[in-house]
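Engineer: The structure follows.
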Amino acid sequence: MALSLLRTLIPFDIYGGMKLTGKYFGKVLRQANRGVKRTHVVVEYPEVPTTLMPRFRGRLQLIKDEQGEIKCVCCLACEKICPTQVITIEKGKKEGRKTPFPLRYDFEMERCIFCEFCVESCGFDSIILNHQFELAGYNREDFSHAMEGEFQNMFDITPVGHYSVASED
Amino acid sequence: MFKTEEMEINLGPQHPSTHGVLRVKLHLDGETVVRCVPMIGYLHRGVEKICENKTFFQGQVWTDRTDYVASVSNNLGWAEGVEKLFGITVPRRAHYIRTMLTELNRITSHLLWLGTHALDIGAMTVFLYAFREREEILSIFEAFCGARLTTTAFRIGGLREDIPPGFEKQVRAFQARFLDCIDEYEILLTENRIWKKRTIGVAMLNAEDAIALGVTGPVLRAAGSAYDIRKAFPYAAYGEMDFDVATQPAGDTYARYLVRLEEMRQAHRIVNQCLDGLPEGPVMAKLPKVLKSEVNEIYHAIEAPKGELGYYFIGEKGGVNPYRMHIRAPSFINLQALSKMVEGRLLADVIAAIGTLDVVLGEVDR
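In order, the protein sequences belong to chains A and B.
Read in order, the letters of the first sequence are residues 1 to 169 in this note's numbering.
Read in order, the letters of the second sequence are residues 1001 to 1366 in this note's numbering.
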């Protein structure tokens, strides 16, 4: 009883909370823009590109080999494994190429959930999820990626996302 | 002279202090709650039905989206349930990494709960500190599997890849400072007089009622019952871990707060043990190319941050997808205790009760 009265009269709890807040307030005040070792977590994102983890799962991208040939051989494994059926491949033949060649490789990004099952199922390392995360578009066509076209190219990073260019791989 | 009548009001579904799209129909007598009916279904997507039309491999991505705050735990429940259905043995290293990530996920879930629950009751500061640590764990998830929230972390039979280089250092850096962070939350809240006024004796639920309603998780343990599936039916690597089950006898909101803080400390202990005793070896079991089930039905339950998360599978002969799949979602069943907690109490206590139950509406509605 006496103890609880004492606790009510002397505000130890308020003192503790204020001390903690003051500690962090002072820390930021001392270190902000002073060239000391930076402890805050703010990143100047649009001006400075963000660093992503190497395993980051971004947009689907088709890969070409050293000769500039598409590595995809139309085994349709990615099409089958995709939980949301966003990949459509049309099989075809090309002069001077033994393996099948994709005439069409369509990727409808509006339904993609970026689970990376397609990359995992691919036995030929012909697709990756690149490091692009700025996937906003101005119209619906921006989300329908195919092998040709300016803004919906399966090989390149779309021009909209120039901040998140993949750094290492 | 004066006419009094009961008033019926809706709390939600877009009210800022309900979590997600929860609508609570309240019958009020003045400021006292007479009757309280949670109206659910605003986020229903039919996850169970969708999963019946997907293969066992594909179905995992929907478990990310039921309890999106604790998606790694959901992935674990799915993966272990399917492994139990097919009788697959997972390598020991995979078990350890799974346990470590699930415990880190328990910390993120409890941190999000702590931040938002304190914010509802009126403590703004702890939200900022809780999210600072949550951010670090989400970076750990990003390093491991490439996504922060919808992780799809595990595969049937083990893991997709081993831990990346530098991962152990990243986790150890977090582990080194996390205990101090819990102490900071305690400084801000545990002895805080406003916090104690708003939580002690509020939203009481005793052990008998909790068991009768099927409530599990921290809500049950805060009522004095030391039921934890990690101890009762050990799964993954929990049988080899040394940890305590946090309990409190009181059964009020304050007790649930103390239980969850203690669970974070225990999760910290388990992660340390996983890192120290991480065995060498493969992370993926040998699997047939296509998983085809027999006529079989299993129920597998794990201790998710919110309570008992169970996956119930029925397999048909030669089926590549489950014939029937059911999720025993802890949030859904814990929410049934809401009316028991708040009836006869004040309107302001409803906010505290919704917060303390830690419901995620993606899981309630599925």
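From the three backbone atoms N, C-alpha and C, an ideal C-beta is built for every residue, glycine too.
Can you give me the C-alpha to C-alpha distance between residue 7/A and residue 1185/B, rounded to a whole angstrom?
Structural biologist: Each residue's alpha carbon lies about 20 Å from the other.
Engineer: If you draw a straight line from the alpha carbon of residue 1353/B to that of residue 1255/B, how long is it in whole angstroms?
Structural biologist: Straight-line Cα distance between these residues: approximately 12 Å.
Engineer: Is there a Cβ from chain A that is less than 8 Å from the Cβ of residue 1184/B?
Structural biologist: With 8 Å as the cut-off, residue 1184/B counts as an interface residue toward chain A.
Engineer: Roughly how many whole angstroms lie between the Cα atoms of residue 1223/B and residue 1247/B?
Structural biologist: If I take the Cα positions, the gap works out to 8 Å.
Engineer: Buried or exposed for residue 1369/B, please, with buried defined as at least 16 other CB atoms from any protein chain shown within 10 angstroms of its CB.
Structural biologist: Nothing can be reported for residue 1369/B: it is not among the residues displayed for chain B, which extend from 1001 to 1366.
Engineer: Kindly identify the DSSP beta-bridge partner or partners of residue 1115/B.
Structural biologist: According to DSSP, which records beta bridges pairwise, residue 1115/B is partnered with nothing at all.
Engineer: Compile a chain-ordered list of the residues in the stretch 1125-1152 of chain B whose CB is closer than 8 Å to at least one CB of chain A.
Structural biologist: Hits within the stretch, in order: 1125, 1132, 1135, 1139, 1142, 1143, 1144, 1145, 1146, 1147, 1150 and 1152.
Engineer: Got a sec: which bits of the stretch 45-72 of chain A sit with their beta carbon under 8 Å from any beta carbon on chain B, in order along the chain?
Structural biologist: Hits within the stretch, in order: 52, 53, 54, 55, 56 and 57.
Engineer: Determine the chain B residues that contact residue 22/A at a beta-carbon separation under 7 Å, and present them in chain order.
Structural biologist: Here the premise fails: no neighbours, minimum Cβ distance about 12 Å.
Engineer: Got a sec: which bits of the stretch 105-126 of chain A sit with their beta carbon under 8 Å from any beta carbon on chain B, in order along the chain?
Structural biologist: So the list reads 113, 114, 115, 116, 117 and 120, given in the order they occur along the chain.
Engineer: Does the stretch 101-119 of chain A come close enough to the stretch 81-88 of chain A to have 3 or more Cβ pairs within less than 8 Å?
Structural biologist: Enough Cβ pairs lie closer than 8 Å, so yes.
Engineer: Between residue 1095/B and the rest of its own chain, which residues show a CB-CB distance below 8 Å, the 5 nearest in sequence each way excluded?
Structural biologist: Closer than 8 Å at Cβ, skipping near neighbours: 1236 and 1237.
Engineer: Can you list the residues of chain B that residue 133/A reaches, using a CB-CB cut of under 9 Å?
Structural biologist: What residue 133/A touches in chain B: nothing, since even the nearest Cβ is about 11 Å away.
Engineer: Given a cut-off of 8 Å, decide if residue 1145/B and residue 1322/B are closer than it, judged by their beta-carbon atoms.
Structural biologist: No; because the gap between Cβ atoms is not below 8 Å, this pair is not in contact.
Engineer: Since residue 13/A meets chain B, which of its residues come closer than 7 Å, beta carbon to beta carbon?
Structural biologist: The contacting residues are 1191, 1192 and 1193.
Engineer: Residues of chain B with CB closer than 9 Å to the CB of residue 81/A, please, in chain order.
Structural biologist: Neighbours of residue 81/A on chain B, chain order: 1055, 1057 and 1058.
Engineer: If I follow the unbroken alpha helix (DSSP H) through residue 1363/B, where does it start and stop?
Structural biologist: Residues 1361-1365.
Engineer: Skipping 5 residues on each side, what residues in its chain have a beta carbon closer than 6 Å to that of residue 946/B?
Structural biologist: In the structure as shown, chain B starts at 1001 and stops at 1366, and residue 946/B therefore has no counterpart that could be examined.
Engineer: Enumerated in chain order, which unbroken segments of the beta strand (DSSP E) with a length of 3 residues or greater are wholly contained in the stretch 1227-1309 of chain B?
Structural biologist: Listed in chain order, the complete beta strand (DSSP E) runs (minimum 3 residues) inside the stretch 1227-1309 of chain B are 1296-1304.
Engineer: Does the Cβ of residue 1075/B have 16 or more other Cβ atoms within 10 Å, making it buried, or fewer, making it exposed?
Structural biologist: With 16 or more Cβ atoms within 10 Å of its Cβ, residue 1075/B is classed as buried.
Engineer: Which residues of chain B have a Cβ atom closer than 9 Å to the Cβ of residue 92/A, listed in chain order?
Structural biologist: Residues of chain B passing the Cβ test: none, with the nearest at roughly 27 Å.
Engineer: Check the Cβ-Cβ distances between residue 1119/B and every residue of chain A, and say whether any is below 8 Å.
Structural biologist: No, its Cβ sits nowhere closer than 8 Å to a Cβ of chain A.
Engineer: Looking at residue 1314/B and residue 1324/B, is the spacing between their C-beta atoms short of 8 Å?
Structural biologist: Yes, the pair counts as a contact, with Cβ atoms nearer than the cut-off.
Engineer: Hey, does residue 1200/B have any beta-carbon neighbour from chain A nearer than 8 Å?
Structural biologist: No, because no Cβ of chain A sits closer than 8 Å to the Cβ of residue 1200/B.
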